[in-house]
Amino acid sequence: MASMFAAARSSDDEKNPKFSTTADPTAAHSPDNQSTTSDEKSTESFSEAQSVKVTHIREACLKEDLDALVELSTTSGGLIQDELRRDAWPLLLGCRSHLTDSSWSTLPPHRDEGQVNLDVNRSFVYYPKGESERQINLRKEDLSDLIVQVLRQHPKLCYFQGYHDIVQVLLLVLGPELAAPAVARLSLLKLRDFMLPTLTAAVDQLHLIPPILYAADPELCRHLPLNHPFFALSATLTLYAHNIEEYSDIARLYDFLLAREAVMPVYLFAAIILARKKELLEMPADEPEIIHIMLSKLPHPLHLENLIFEAISLYKRLPPQSLPFHAWNRISRYSVLKTAKDCQALTQQSLEDGERLWEKHSSQVWRQEMIKKTAKQVKSNMWVYRRPAGALGIAIAVGVFALWLGRTGLVPLNLRDNGNGMIKDPFRRFLQLLSHFRLW
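Residue numbers (the numbering used here): 2 to 441.
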């Protein structure tokens, strides 16, 4: 398979000089095409230790040794340069083919393409550097095509703002041909929680942070406003691509995140908070808004290698199953945190598996939200009417409703035409029944 990816890379290089294996994306399109960065330096400039690691990475790719690749991606320096990443990342994501289906352009437009266009226009802000407006526009065209291709081929996926930041990194490293299958697998098998109709599952992931901090450092945990850890949403939702401004840093971080467990972005954010303990404890606990703003911004400098090491240490010391307050039990069994918990599990899954899990998770989230909505309405009606018989009737109705939802297994796309139309008959009749008795 490694030879297949090498061939694909050569094809990209011939068609697109900006994806040359000898030129870093951040230096592509320079007038003399000779500028390079530390990411794509020649092997002559490697230290002895780096040269040995490069040899190990190439051997692991040739042998398709995932365990070795995971280890090499995790240790200091990661995969070192983009030339090696172009062989390693597709393997870590379980890509079995680099062939792209050009017929995607004839597929029906995805409902989120308008937002995609808006976000793509805001892309490539921090990197590549030193490129002309025309060169950046060409990159934006490639990025838009890549995102739209994945969305049209998998129309159930819901685009989220920040997705373009993630795809941008894969496009710069892999080039258009290798990036297409890689982004599809990443989206369905590792980002799926973020691409449901709502961000409920994404928020569920955030709620693992307080238990991790409580188990690791109770003093710091008590000092921080952790009831609603939305300060971590931007970083975890975009796999830190929205927050990290240096290309070499985000490429190195993606070595780690693509190779490791799907929950690792959460542990990494916990490690970042723990690393800032001293300055956080110096902030007044009665000013949660200020603490929240501070937590939402990554520290500068980032000290990425230290944070990766600490995140792994946290994960080993406090694995998800051991977290207090039954935190792990609250994560859906359909979540990527459990279905693709490591690289080996992810590579064994197909895109069809990802789509089936999307359906099940989406259905589960919808049922939970409908039950919450019903319970809220029940509470409101109980306060208004304050009638014991009415309260009992409402409670029974909610119980029946919950049971009915659990047995039907309906999902939003099954209940609504195109996700937006009229609710189908069984559920409509049930709502009419509740309305008749003034319970809805």
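All residues carry an ideal CB built from backbone N, CA and C; glycine is no exception. Just so you know, these numbers come straight off a predicted model, no measurement behind them.
With fewer than three CB-CB distances shorter than 8 Å, the region 294 to 303 does not count as touching the region 324 to 340. Membership of residue 88 in the alpha helix (DSSP H) is indicated by the continuous run 83 to 93.
Assigned with DSSP and collapsed to three states, residue 127 falls in coil, not helix or strand. In this structure, the alpha-carbon of residue 90 lies about 43 Å from that of residue 288.
Remark: C-beta atoms of residue 254 and residue 241 approach each other more closely than 8 Å. Counting the other CB atoms within 10 Å of its CB gives residue 374 a total below 16, which places it among the exposed residues. A distance below 8 Å separates the beta carbons of residue 316 and residue 268.
For residue 206, the uninterrupted alpha helix (DSSP H) segment begins and ends at 201 to 207. With respect to the 8 Å criterion, residue 167 and residue 239 are classified as neighbours on the basis of their beta carbons. Here residue 162 carries a coil assignment [DSSP, helix/strand/coil].
Between the C-alpha atoms of residue 246 and residue 76 there is a straight-line separation of about 22 Å. With a contact defined as Cβ atoms closer than 8 Å, residue 232 and residue 165 miss out at about 22 Å. In the structure shown, residue 316 adopts helical secondary structure according to DSSP, grouped into three states. If you draw a straight line from the Cα of residue 368 to the Cα of residue 283, it is about 43 Å long. Per DSSP, residue 255 is one residue of the alpha helix (DSSP H) stretching across 248 to 260. Counting C-beta atoms within 10 angstroms of its own C-beta, residue 279 has fewer than 16 neighbours from the protein chains shown and is therefore classed as exposed. The Cβ atoms of residue 305 and residue 250 lie closer than 8 Å to each other.
One thing to note: residue 366 has its Cβ within 8 Å of the Cβ of residue 201.
Taking a cut-off of 8 Å on C-beta distances, the region 190 to 199 does not touch the region 103 to 114, as fewer than three cross pairs fall below it. Contact between residue 371 and residue 312 does not hold, since the beta-carbon distance rounds to 36 Å and is not under 8 Å. Collapsing the DSSP output to three states places residue 350 in coil. Distance from the CA atom of residue 219 to the CA atom of residue 252, rounded to whole angstroms, is 33 Å. Contact annotation: residue 98 and residue 230 have beta-carbon atoms that are not nearer than 8 Å.
Sequence-distant Cβ neighbours of residue 95 in its own chain, meaning closer than 8 Å and more than five residues away, are 186, 190, 347, 348, 349 and 350. Exposed is the label assigned to residue 291, since fewer than 16 other Cβ atoms lie within 10 Å of its Cβ. Taking C-beta atoms as the reference points, residue 197 and residue 362 count as a pair closer than 8 Å. In the structure shown, residue 118 adopts helical secondary structure according to DSSP, grouped into three states. Going by C-alpha positions, residue 157 is about 12 Å away from residue 109.
With contacts defined as CB atoms closer than 8 Å, residue 212 and residue 129 fail to qualify as a contacting pair. Just so you know, the alpha carbons of residue 133 and residue 314 end up roughly 43 Å apart. For the set 376, 353, 360 and 358, the Cα lying nearest the Cα of residue 154 is the one of 353. For residue 52, the enclosing alpha helix (DSSP H) begins and ends at 49 to 64. Membership of residue 265 in the alpha helix (DSSP H) is indicated by the continuous run 265 to 276. With respect to the 8 Å criterion, residue 163 and residue 57 are not classified as neighbours on the basis of their beta carbons. Straight across, the Cα-Cα distance linking residue 63 with residue 53 is about 16 Å. It is roughly 52 Å from the alpha-carbon of residue 216 to the alpha-carbon of residue 107.
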